[in-house]
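Participant: If you want the numbering used here, it's the 1-based position in the sequence shown plus 2.
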Amino acid sequence: MSWLIAKLLLLFVLLLLSGFFSGSETALVGIGKIRARALLKRGVKGAETVDKLVREPEAMLTTVLIGNNIVNIAAAAIATSIAIDFFHSYGVAIATGVMTLLILTFAEIMPKTIAVHHAERIAIMVSKPMKIMAFVFQPFIKVTSLVTAAFEKLLGMKLHRKRLMTEEEVETILDIGEEEGAIEEDEKEMMMGVLKLDEIVVTSVMRPKEEIVCLEVNQTVDSAVELIKRSGYSRIPVFKSTKDNIVGILYAKDLLIKAIANEGDVSLKGVMKTAHFVPEIKRVDDLLEEFQRGKFHIAIVVDAAGRTKGLVSLEDLLEVIVGSIYDEYDVKPFLGKKSYTKRTN
3 MSWLIAKLLL
13 LFVLLLLSGF
23 FSGSETALVG
33 IGKIRARALL
43 KRGVKGAETV
53 DKLVREPEAM
63 LTTVLIGNNI
73 VNIAAAAIAT
83 SIAIDFFHSY
93 GVAIATGVMT
103 LLILTFAEIM
113 PKTIAVHHAE
123 RIAIMVSKPM
133 KIMAFVFQPF
143 IKVTSLVTAA
153 FEKLLGMKLH
163 RKRLMTEEEV
173 ETILDIGEEE
183 GAIEEDEKEM
193 MMGVLKLDEI
203 VVTSVMRPKE
213 EIVCLEVNQT
223 VDSAVELIKR
233 SGYSRIPVFK
243 STKDNIVGIL
253 YAKDLLIKAI
263 ANEGDVSLKG
273 VMKTAHFVPE
283 IKRVDDLLEE
293 FQRGKFHIAI
303 VVDAAGRTKG
313 LVSLEDLLEV
323 IVGSIYDEYD
333 VKPFLGKKSY
343 TKRTN
């Protein structure tokens, strides 16, 4: 009878180990790199080990599969031995049916269900034992990696590429975050706007040439001041002959300082600053970086022949992220286009 008790105890332990491996896999795969990194930032004890495990998913999954298969095969062998002793020729069939039920219930469904609902806690609990087992199974892991690599080469596949998080996955995370109340809708839209910056060219956000408020370089200071007051714009392009020949940008502040100072013969040419030109195919994210580096807020958009296509400002780029920006001097954009300069107060 003692041998039977020993076999039953061993079978029980093997089922527990099978459940341990199944739950560990579900918890570690479910927690993922993002939640593991969040645990690490919060300083949770054991988070460092969890982070290392999830950053090497192939080694972790191989450890789980090797361990799970070993204990399941051993459990099946012991159960078959017990069943044959009691039921003779029917023992194998009975053992197969009973073990299938036990493994599905106590070593698969239950531990995985629990791990899904308590992924963080279980991942931390199993991280150290899993790390030890990964070290023990390291020779087997290396062999399986070599065999897998050989099959990949034979089939012309690259399954071991380190996959970066895609934009679609980030968008899905933002959607889930909004659904669960972690972020607000406007916060999600702003983050989505940032993600889309590299997909938008400046022609999609610029003010077309026909709508640009401009000054001719030979206009008087008085007419320029009047246009600034009437339009409310603080930066106005200056052209020579036609809008296809933009020669500078007039800053209202500079002109008003000169006008108030009464510095004799003041001309637009002497006050205006250099205009910055960008190609119409330039992406919004690249232009935003250029604005930051050059410390300017407005650029003239030109085609391949150098003809003026429109004007784009820092405000236009920010509106891609945060939505339309209006102040007390703004009116609804004509034909749905965005305002291109800051309004003067």
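Beta carbons: idealized from backbone N, C-alpha and C, even for Gly. It should be emphasised that the depicted structure is a prediction, and the values quoted were computed from it without experimental measurement.
If you compare alpha carbons, which of Trp5, Val15, Ser91 and Glu182 is closest to Ala77?
Facilitator: Val15
Participant: Extract the residue ranges of the beta strand (DSSP E) inside the segment 251-284, only unbroken runs of 3 or more that lie entirely within it.
Facilitator: Whole beta strand (DSSP E) segments, 3+ residues: 279-281.
Participant: Do Glu218 and Leu197 have their C-beta atoms closer together than 8 Å?
Facilitator: no
Participant: Taking DSSP as the reference, what is the three-state secondary structure of Phe336?
Facilitator: Confidence at Phe336 is low in this model, with a pLDDT of 34, below 50, so its placement is unreliable and the value that follows should be read with caution. Residue state, collapsed to three classes: helix.
Participant: When the Cα atoms are used, what is the spatial distance from Gly195 to Met208?
Facilitator: 16 Å
Participant: Looking at Ser147 and Val52, is the spacing between their C-beta atoms short of 8 Å?
Facilitator: no
Participant: Rounded to whole angstroms, what's the CA-CA distance from Ala40 to Thr28? Just pull it up for me.
Facilitator: 18 Å
Participant: Answer with buried or exposed for Lys144, where buried requires no fewer than 16 other C-beta atoms within 10 angstroms of its C-beta.
Facilitator: exposed
Participant: With respect to the beta strand (DSSP E) encompassing Gly312, which residues constitute its N-terminal and C-terminal limits?
Facilitator: Thr310 to Ser315
Participant: Counting only the same chain and skipping the five closest in sequence on each side, list residues whose C-beta sits under 8 Å from that of Val203.
Facilitator: Glu282, Ile283, Lys284, Arg285 and Val286
Participant: Determine the extent of the beta strand (DSSP E) in which Val303 is found, giving its start and end residues.
Facilitator: Ile300 to Val304
Participant: Check the C-beta distance from Ile227 over to Leu257 and give it rounded, since I have them as a contact under 8 Å.
Facilitator: One point to set straight first is that residue 227 is Val, not Ile, in the sequence displayed. The Cβ separation is near 7 Å, so the contact holds.
Participant: Identify the continuous beta strand (DSSP E) that holds Val240 and give its terminal residues.
Facilitator: Arg237 to Lys242
Participant: Leaving aside the five residues before and after Leu13 along the sequence, list all residues of the same chain whose C-beta is less than 8 Å from its C-beta, in chain order.
Facilitator: Ala77, Ile80, Ala81 and Ile84
Participant: Compute the Euclidean distance between the alpha carbons of Val223 and His299, then round it to the nearest angstrom.
Facilitator: 23 Å
Participant: In the DSSP output, what is Pro210 paired with across the bridge?
Facilitator: Gly312
Participant: How would you write the range of the alpha helix (DSSP H) that Val215 sits in, first residue to last?
Facilitator: Val215 -> no alpha helix (DSSP H), and no H or E assigned at all.
Participant: So is Gly21 buried or exposed if we call it buried at 16+ other beta carbons inside 10 Å?
Facilitator: Buried.
Participant: From Asp87 to Ile105, what distance separates their C-alpha atoms?
Facilitator: Taking the straight line from one Cα to the other gives about 21 Å.
Participant: Considering only residues of the same chain and omitting the five flanking positions on each side of Ala38, which have a CB-CB separation below 6 Å?
Facilitator: Val52, Asp53 and Val56
Participant: So what's Lys297 in DSSP terms, helix, strand or just coil?
Facilitator: DSSP, reduced to helix, strand and coil, places Lys297 outside both helices and strands of the structure shown, so it counts as coil.
Participant: Taking Ala61 as the reference, give the member of Val31, Gly25, His119 and Lys242 with the closest Cα.
Facilitator: Taking only the C-alpha atoms, the option nearest Ala61 is Val31.
Participant: Who are the near neighbours of Phe23 in its chain, counting only those whose CB is closer than 6 Å to its CB and skipping five residues on each side?
Facilitator: Short of 6 Å from the beta carbon of Phe23, and not among the five residues preceding or following it, lie these beta carbons of its own chain, in chain order: Val66, Gly69 and Asn70.
Participant: Using only CA atoms, which one of Val304, Glu122 and Val240 lies nearest to Arg44?
Facilitator: Glu122
Participant: Residues bridged to Val203 by DSSP?
Facilitator: Listed as beta-bridge partners of Val203 by DSSP are Arg285.
Participant: Looking only at C-alpha atoms, which of Val303, Ala95, Ile33 and Met274 sits nearest to His120?
Facilitator: Ile33
Participant: If you reduce the DSSP assignment to three classes, tell me which class Ile185 lands in.
Facilitator: coil
Participant: Classify Ser4 as buried or exposed, calling it buried when 16 or more other Cβ atoms lie within 10 Å of its own Cβ.
Facilitator: Exposed: under 16 other Cβ atoms inside 10 Å.
Participant: Could you tell me the distance, in whole angstroms, from the CA atom of Tyr328 to the CA atom of Asp246?
Facilitator: At Tyr328 the pLDDT is 49, less than 50, meaning the model places this residue with poor confidence and gives no usable figure here.
Participant: Does Leu17 pass the burial test, meaning 16 or more other C-beta atoms within 10 Å, or should it be called exposed?
Facilitator: buried
Participant: Exposed or buried, Val303, counting other C-beta atoms within 10 Å across all chains shown (16 or more means buried)?
Facilitator: Buried, by the Cβ-count rule.
Participant: For Gln221, which of Leu10, Lys231, Tyr235 and Lys242 has the nearest alpha-carbon?
Facilitator: Lys242
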